[in-house]
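Asks:
Residue numbers (my numbering): 13 to 408.
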């Protein structure tokens, strides 16, 4: 049987939830059916991953252009995308036949693979881990990919991008029918993240209420909110906390300062023993704004922790029930977050009940099930959308 060769395109220079989820999803593939090459600016993450070890992945470097790689719009953004497209084409010429190129982030970040596809024939598998921008170019990408796997939270933003492109391309004002025709086609698939049995978090061993925060220092992750809340709490209660953070590199987005002096708090930058640190805590605090999924929330539920989440209409807000399997607070409100933490800090029964109920929720998110369609697409078991853009043009 011929092996399917997949090239993973990863121009993001730091580790994040989407990269971890992509690695875990692809790790579910049968090594007898697929091979992988990773083109990345983050060599260490992929080389040291369980995915690379299991599949004997060939990890090759992409070299980012300083400053230019941090542009997300305008002339220099396109210069960066053409540069990466050229690098991808050079690798495609040298590598064994490429069946699929996998965009591991979203079409805005992965634009280079769509430019390269205009020159070199390969199928595009696009993973979308969060909202996409409303732009004609991203809408164009969504009509070009052969398979698209996206989190449900990204649906409306994808509709907006498609409408923007189709409206411009067809000069028709009411494009709802064309957009629906496209996004309901058989190459769009939703997925949610999951955890593999061998990566299942260790169960919490904490005996006293201890908070845990884990994310990057990007502003929208809300570290400042957690720090402000802890400062308020520490005036009356000695709440212990462990903060694990990733410091993004080579970006122009706002970030929070870390670490900083804070009583009763320990800081860890991208620790190798994350599971051990989490095991010593029993309250996970999420402060992210409109989290597309929230892999850390799932991991904390699986570890038997009480999760505290904002009421913001995001994925876990819709899936979990306040005071049953989580604690909710008014998004962005440090006083509300303080009260949420105190509600379980001072009520052992409520803390333990939400912990036990949360574990039951996590059991539904097994990686071999949640990523099954991605595995099928990457393994060549789904029919590619060969017509791509022409399908809806014919419909017109």
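A virtual CB, placed ideally from N, CA and C, is assigned to each residue, including glycine. Just so we're clear, the structure is a prediction, and the values are computed from it rather than from any experiment.
Please report how far the alpha carbon of residue 88 lies from the alpha carbon of residue 55, in whole angstroms.
Replies: Locating residue 88 in the chain shown gives position 76, where the first residue counts as 1. Locating residue 55 in the chain shown gives position 43, where the first residue counts as 1. Near 24 angstroms, if we compare the C-alpha coordinates of residue 55 and residue 88.
Asks: Considering only residues of the same chain and omitting the five flanking positions on each side of residue 164, which have a CB-CB separation below 8 angstroms?
Replies: As a first step, residue 164 is located in the chain shown; it is residue number 152 there, counting from the start. The answer, listed in chain order, is 202, 204, 327.
Asks: Apply the 10 Å Cβ neighbour rule to residue 20 and answer buried if 16 or more other Cβ atoms are within range, or exposed otherwise.
Replies: The residue labelled residue 20 in the question sits at position 8 within the chain shown. Residue 20 comes out buried.
Asks: May I ask you to verify whether the region 237-255 touches the region 353-369, counting CB pairs closer than 8 angstroms and requiring at least 3?
Replies: At 8 angstroms Cβ cutoff, the stretches touch.
Asks: Give me the residue from 15, 35, 26, 27 with the minimum Cα distance to residue 386.
Replies: Your numbering for residue 386 matches position 374 in the chain shown. Here the closest residue by C-alpha is 35.
Asks: Suppose only complete runs of 3+ residues qualify. What are the beta strand (DSSP E) ranges in the region 141-190, listed by chain order?
Replies: Qualifying beta strand (DSSP E) stretches, in chain order: 159-162.
Asks: Where residue 189 and residue 172 are concerned, what is the direct C-alpha to C-alpha distance, given to the nearest angstrom?
Replies: Along the chain shown, one-based indexing puts residue 189 at 177. Along the chain shown, one-based indexing puts residue 172 at 160. One C-alpha to the other measures close to 13 angstroms.
Asks: Classify residue 45 as helix, strand or coil using the three-state DSSP reduction.
Replies: As a working note, residue 45 is residue 33 in the chain shown. Three-state result, residue 45: coil.
Asks: Secondary structure at residue 102, three-state DSSP: helix, strand or coil?
Replies: The residue labelled residue 102 in the question sits at position 90 within the chain shown. Looking at residue 102 - three-state DSSP - the assignment turns out to be helix.
Asks: If you draw a straight line from the C-alpha of residue 112 to the C-alpha of residue 77, how long is it?
Replies: One-based indexing of the chain shown puts residue 112 at position 100. One-based indexing of the chain shown puts residue 77 at position 65. So the alpha carbons of these two residues sit roughly 25 angstroms apart.
Asks: Let me check one thing: in DSSP terms, what residues is residue 26 bridge-paired to?
Replies: Indexing the chain shown from 1 puts residue 26 at position 14. BP columns for residue 26 are empty, so no partner.
Asks: Just the C-alpha distance for residue 206 and residue 305, rounded to the nearest angstrom, thanks.
Replies: One-based indexing of the chain shown puts residue 206 at position 194. One-based indexing of the chain shown puts residue 305 at position 293. Distance between the alpha carbons of residue 206 and residue 305 is about 11 angstroms.
Asks: Figure out for me which residue from 109, 344, 134, 314 has the closest Cα to the Cα of residue 115.
Replies: As a position in the chain shown, residue 115 is number 103, starting the count at 1. Residue 115 has its Cα closest to that of 134, out of 109, 344, 134, 314.
Asks: Please classify residue 121: is it buried, with 16 or more other beta-carbons within 10 angstroms of its beta-carbon, or exposed?
Replies: The count along the chain shown starts at 1 and reaches residue 121 at position 109. By the 10 Å Cβ count, residue 121 comes out buried.
Asks: Closest to residue 309 by C-alpha separation, out of 280, 269, 331, would be which residue?
Replies: Taking the chain shown and counting its residues from 1, one reaches residue 309 at position 297. Checking every option, the nearest Cα to that of residue 309 belongs to 331.
Asks: State yes or no: is the C-beta of residue 277 within less than 8 angstroms of the C-beta of residue 255?
Replies: Taking the first residue of the chain shown as 1, we reach residue 277 at position 265. Taking the first residue of the chain shown as 1, we reach residue 255 at position 243. A contact, by the Cβ cut-off of 8 angstroms.
Asks: Taking residue 242 and residue 274 to be in contact with their CB atoms under 8 angstroms, please state how far apart those CB atoms are, rounded to whole angstroms.
Replies: Start at 1 with the first residue of the chain shown, and residue 242 comes out as number 230. Start at 1 with the first residue of the chain shown, and residue 274 comes out as number 262. Right, their Cβ atoms sit about 6 angstroms apart.
Asks: Go ahead and label residue 176 buried or exposed: buried means 16 or more other beta carbons lie within 10 angstroms of its beta carbon, across all protein chains shown.
Replies: As a working note, residue 176 is residue 164 in the chain shown. Under this definition residue 176 is a buried residue.
Asks: According to DSSP, what are the bridge partners of residue 71?
Replies: If you number the chain shown from 1, residue 71 lands on position 59. Residue 71 is bridged to 50.
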